[in-house]
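Student:
Protein chains in written order, with the working numbering: chain P, 1 to 216; chain G, 1001 to 1143.
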């Protein structure tokens, strides 16, 4: 065998081994993830979680999100479009996964806004202005107050309400549930309790479609 | 003349095996980070910085054989080896954790660095750098 052929053969073999190993590893992880979601299905949508859409809908998307996460921001309109397109068939449960430093403060703002029925409104504002208050992957609540002015939200009341110790409990509960369910990145989606096989727009859409077809 | 050809063959094989090791290490390291989602700690990053180029420059030195590649590769190997030694000392506790440079982010002495529960990744790196060093030094003396 010529030397060049030996090298090419080595490259091809190593590439093959790598791809096969990656394939089997991912397949195994998907299975583990599915079993996990099944085992802890009750931890997906507890009573305290924020909901959007028709409660009677048969397809429920559970999203673990972080207001400081850029990908969550990108998927926000995607989910909204789905809810708009199938108002009677799909609803959403939002769970917190504040992985960025400082994000727990932003979640506290959201929970406080929830008491004024401004949760979704404030979340929209947060996503829209994300680049102004997320600096170097760090959420900076102080920078958000200036942005929030002029949106008809009672800021004083939010600042008061966000001191509520119950909010910290909710965050702890969501983080604990996320850990049980294997949530390590945001956003993480579950559709009718099923996790995505791999992360992506197409994967989310196809899982939602298959659940719609299975239930309607 | 014949001896010359024989020498050439021997150094080609030595550099080829060194390249195989470097490429295997590179791919394994990528497997840990990209497939298994293990976040590389800072010391891991330094070792990667000196391992990844070996997979490229040793290959260039084989097509066709240019023994000077050993001179270019050795500094990378030596520096990478020093980081690997330091990392192993840290991992096995010869250097107290408080002295480690990576206090933020991922700990360099974390349990997640053990593959299959018993093979520490820093040790794999050390062994790999060490073997590449020996092979290249051997190729150098072939001249």
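Cβ atoms here follow ideal geometry from the backbone N, Cα and C, with glycine treated the same way.
As the structure is a prediction and not an experimental result, all values here were calculated from the model.
For chain P, find out if any of its Cβ atoms is closer than 7 Å to the Cβ of residue 1035 of chain G; answer yes or no.
Tutor: Taking Cβ atoms only, chain P reaches closer than 7 Å to residue 1035 of chain G, which makes this a yes.
Student: Quick check: the Cα distance between residue 223 of chain P and residue 112 of chain P, rounded to an integer number of angstroms?
Tutor: In the structure displayed, chain P extends from 1 to 216; residue 223 of chain P sits before or after that span and is not available.
Student: Give the C-beta separation of residue 1133 of chain G and residue 1077 of chain G to the nearest angstrom, bearing in mind that I take them to be a contact with Cβ-Cβ under 8 Å.
Tutor: 5 Å
Student: Alpha carbon to alpha carbon, what distance is there between residue 130 of chain P and residue 196 of chain P?
Tutor: The straight-line gap from Cα to Cα measures roughly 26 Å.
Student: With 8 Å as the C-beta to C-beta threshold (strictly closer), list the residues of the segment 1038-1055 of chain G near chain P in chain order.
Tutor: none
Student: Who does residue 195 of chain P pair with in a DSSP beta bridge?
Tutor: According to DSSP, residue 195 of chain P bridges with P/190.
Student: Below 7 Å on C-beta distance, what does residue 1062 of chain G contact in chain P?
Tutor: 7
Student: Do you know offhand how far residue 1142 of chain G's Cα is from residue 138 of chain P's?
Tutor: 55 Å
Student: Report yes or no: do the segment 61-77 of chain P and the segment 93-107 of chain P share at least 3 C-beta pairs separated by less than 8 Å?
Tutor: yes
Student: Start and end of the alpha helix (DSSP H) containing residue 201 of chain P?
Tutor: 201-215
Student: Counting only beta-carbon separations shorter than 7 Å, does residue 22 of chain P have a partner in chain G?
Tutor: Yes - at least one Cβ of chain G is within 7 Å of the one on residue 22 of chain P.
Student: Closer than 8 Å by C-beta to residue 11 of chain P: which residues in its own chain qualify, once you throw out the five before and the five after it? Chain order, please.
Tutor: If we look at residue 11 of chain P and ignore the five residues flanking it on each side, it has no Cβ neighbours.
Student: Looking at the strands, I want to know which residues DSSP matches up with residue 96 of chain P.
Tutor: P/65
Student: Is residue 35 of chain P near the ligand HEM, going by C-beta to nearest heavy atom under 6 Å?
Tutor: What this structure holds is no ligand at all, so the ligand HEM is not there to describe.
Student: Any C-beta of chain P sitting closer than 7 Å to the C-beta of residue 1074 of chain G?
Tutor: no
Student: Output the distance between the C-alpha atoms of residue 215 of chain P and residue 201 of chain P, rounded to the nearest integer angstrom.
Tutor: Looking at the two C-alpha atoms, the distance is approximately 21 Å.
Student: Would you say residue 1027 of chain G lies against chain P (beta-carbon separation less than 7 Å)?
Tutor: Using a Cβ-Cβ cut-off of 7 Å, residue 1027 of chain G counts as an interface residue toward chain P, since at least one Cβ of chain P sits closer than that to its own.
Student: By the criterion of Cβ-Cβ separation under 8 Å, what are the contact partners of residue 1024 of chain G in chain P?
Tutor: Chain P residues near residue 1024 of chain G: 14.
Student: Ignoring anything shorter than 4 residues or poking outside the segment 83-140 of chain P, list the alpha helix (DSSP H) runs there in chain order.
Tutor: 103-114, 119-128, 130-133
Student: Starting from the beta carbon of residue 1020 of chain G, find every residue of chain B whose beta carbon is closer than 9 Å, and list them in chain order.
Tutor: The structure shown contains no chain B; the protein chains it does contain are P and G.
Student: Leaving aside the five residues before and after residue 1074 of chain G along the sequence, list all residues of the same chain whose C-beta is less than 7 Å from its C-beta, in chain order.
Tutor: Correct list, in chain order: 1136.
Student: Taking DSSP as the reference, what is the three-state secondary structure of residue 51 of chain P?
Tutor: Residue 51 of chain P falls in the strand class under three-state DSSP.
Student: Compare the C-beta of residue 189 of chain P against all C-beta atoms of chain G and say whether one is closer than 7 Å.
Tutor: no
Student: Using the Cβ count rule (16 or more neighbours within 10 Å means buried), how would you classify residue 186 of chain P?
Tutor: By the beta-carbon neighbour count (other beta carbons within 10 angstroms, threshold 16), residue 186 of chain P is buried.
Student: Residues in its own chain within less than 7 Å of residue 180 of chain P by CB, not counting five upstream and five downstream?
Tutor: 40, 43
Student: Look up residue 1120 of chain G in the DSSP assignment and say whether it is helix, strand or coil.
Tutor: strand
Student: Who are the near neighbours of residue 1126 of chain G in its chain, counting only those whose CB is closer than 6 Å to its CB and skipping five residues on each side?
Tutor: 1084, 1088
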